[in-house]
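>
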Amino acid sequence: MRRMPVEYDLHSHSIASDGTLTPAELVQQAHAAGVQVLALTDHDTTDGITAAGASADELGLQLVPGVEVSVSWQSLTVHILGLGIDPRCSALQSGLQRLRAARDWRAGEIGRRLDKAGIPGAFDGAAALTRGRIISRTHFARFLVQQGHARNLREVFKRYLVHGKPGHVSGEWASLEDALGWIRQAGGLAVIAHPARYRMTASKLRRLISEFRELGGVGLEVVSGSHTRDNIHTMAALARTEELLASRGSDYHGPENPWVKLGDLAELPGGCMPVWESEAWPVH
Ligand code: AMP
Ligand code: MN
Ligand code: MN
Ligand code: MN
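Going by the working numbering, the first residue of the sequence shown is number 75, and it counts up by one from there.
Right under this line is the structure:
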């Protein structure tokens, strides 16, 4: 009998960071969508993992404890997923704590800049929308949409929150070396998230990959909810030539974004070595 392929979704968010579902709701939705292995990868926090794990146990879904670490690399922000991390690792936790402090500082600064740009109360408004310990640009974006400053999140980012716009403040995140050190010490596998989303030339991306590999990084998120078909093929080819494992994740943030659904993803292209088939995959 032919076995049905296992459905993997290795990138998702809950209210512990900038998602809109609780960890339990997220796991229930993933299960209902046919996902069998789900990684919870909140930005710079592991707070949702215990609750997500409890729901996953009840439903018979496998939860991969994860995190999406914010990294500053050559004046760009890059996101590194740690998959299969042990949230009890103190090196990881003190690192993430530092990133959350940097987020708090940046949020105050974004609030001040928006105030100067004629939008008062954005810090309090964004903070009121957080339900965990981190504040992100997503919370500002939701507040600005609520206040009628833009029609949707994409438009707010474009008009207010990206480089060169009134509410933009560069984050001061982890070095690539620190991020990979924390993930390694926590027993996880490091994967470069949504590699096609960075404003980087192909040669710069190869430089990032080369440093990432030297520091112990192993994977590239070839299939992402934010990748086009072209992106997937480009990244699959890159994973093969750079001998990186390939990962697959929706980057789901909640039902408000109808374009991204849990588990609703292309298969990894042929020739890619899935991260979950690696010897080092921490969850079997
Ligand atoms: P931060 O880590 O606080 O800088 O916020 C980054 C988050 O904002 C990402 O994880 C996405 O969830 C969200 N984001 C970034 N760019 C956009 C965009 N153009 N439209 C909607 N959400 C975005
Ligand atoms: Mn996010
Ligand atoms: Mn990301
Ligand atoms: Mn993400």
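Just so it is clear, CB atoms sit at the ideal spot from N, CA and C, and this is done for glycine as well.
With a threshold of 8 Å on Cβ separation, who are the neighbours of Asp325 within its own chain once the five nearest residues in sequence on each side are excluded?
The residue labelled residue 325 in the question sits at position 251 within the sequence shown. His85, Ser86, His87, Ala267, His268, Ser298, Gly299, Ser300, Val334, listed in sequence order.
> Can you give the beta carbon distance from Leu150 to Tyr272, rounded, assuming they're within the 8 Å contact cut?
In the sequence shown, residue 150 corresponds to position 76, counting from 1. In the sequence shown, residue 272 corresponds to position 198, counting from 1. Between Tyr272 and Leu150 the Cβ distance is about 6 Å, and since that is below 8 Å, they are a contact.
> With a threshold of 16 other CB atoms inside 10 Å of the CB of Thr94, please say whether the residue is buried or exposed.
The sequence position of residue 94 within the sequence shown is 20, counting from 1. So Thr94 counts as buried.
> I want to check one thing, is the minimum distance from the CB of Asp325 to the heavy atoms of ligand 3 below 7 Å?
Start at 1 with the first residue of the sequence shown, and residue 325 comes out as number 251. Yes, the beta carbon of Asp325 sits closer than 7 Å to at least one heavy atom of ligand 3.
> Taking C-alpha atoms, which residue in Glu316, Leu312, Ala175, Gly241 lies nearest to Trp247?
Position 173 of the sequence shown holds residue 247. With distances taken between Cα atoms, Trp247 lies closest to Ala175.
> Specify the secondary structure class of Ser88 as computed by DSSP and reduced to three states.
The residue labelled residue 88 in the question sits at position 14 within the sequence shown. Here Ser88 sits in coil by DSSP.
> Less than 7 Å between the CB of Glu295 and some heavy atom of ligand 4, yes or no?
Here residue 295 refers to the residue found at position 221 of the sequence shown. Glu295 Cβ: outside cutoff for every heavy atom of ligand 4.
> Please state if the CB of Phe217 and the CB of Ala200 are separated by a distance shorter than 8 Å.
Looking up residue 200 in the sequence shown gives position 126. Looking up residue 217 in the sequence shown gives position 143. In this structure, Phe217 lies closer than 8 Å to Ala200 by Cβ.
> Tell me whether Ser298 sits in a helix, a strand or coil according to DSSP, three-state version.
Within the sequence shown, residue 298 is the residue found at index 224, counting from 1. Looking at Ser298 - three-state DSSP - the assignment turns out to be strand.
> Asn226 to Pro329, Cα distance in whole Å?
For the purposes of this step, residue 226 is taken as residue 152 along the sequence shown, with counting starting at 1. For the purposes of this step, residue 329 is taken as residue 255 along the sequence shown, with counting starting at 1. Their backbone Cα atoms lie some 14 Å apart in a straight line.
> Flag this pair as touching only if the region 154-166 and the region 178-191 have three or more C-beta atom pairs under 8 Å; answer yes or no.
No contact exists between the region 154-166 and the region 178-191.
> Count the other C-beta atoms from every protein chain shown that fall within 10 angstroms of the C-beta of Pro332, then say buried if there are 16 or more, exposed otherwise.
Within the sequence shown, the letter at position 258 stands for residue 332. The residue is exposed, with fewer than 16 neighbouring Cβ atoms inside 10 Å.
> Leaving out five residues on either side along the sequence, give the residues of the same chain with a beta carbon under 8 Å from the beta carbon of Glu251.
Your numbering for residue 251 matches position 177 in the sequence shown. Here the set comprises Leu289.
> Using the C-alpha atoms, what's the distance from Leu336 back to Ala104?
Taking the first residue of the sequence shown as position 1, residue 104 is located at position 30. Taking the first residue of the sequence shown as position 1, residue 336 is located at position 262. If I take the Cα positions, the gap works out to 6 Å.
> The beta strand (DSSP E) that contains Ala354, what's its start and end?
Taking the sequence shown and counting its residues from 1, the one referred to as residue 354 is at position 280. Taken as a continuous stretch (DSSP letters only), Ala354 belongs to no beta strand (DSSP E), as it is neither H nor E.
> How about His301: is its Cβ closer than 7 Å to a heavy atom in ligand 4?
Working through the sequence shown from its first residue, we reach residue 301 at position 227. Flag unset: Cβ of His301 not near ligand 4.
> Tell me the DSSP secondary structure of Glu132 in three-state form.
Locating residue 132 in the sequence shown gives position 58, where the first residue counts as 1. Reduced to three states, the DSSP call for Glu132 is helix.
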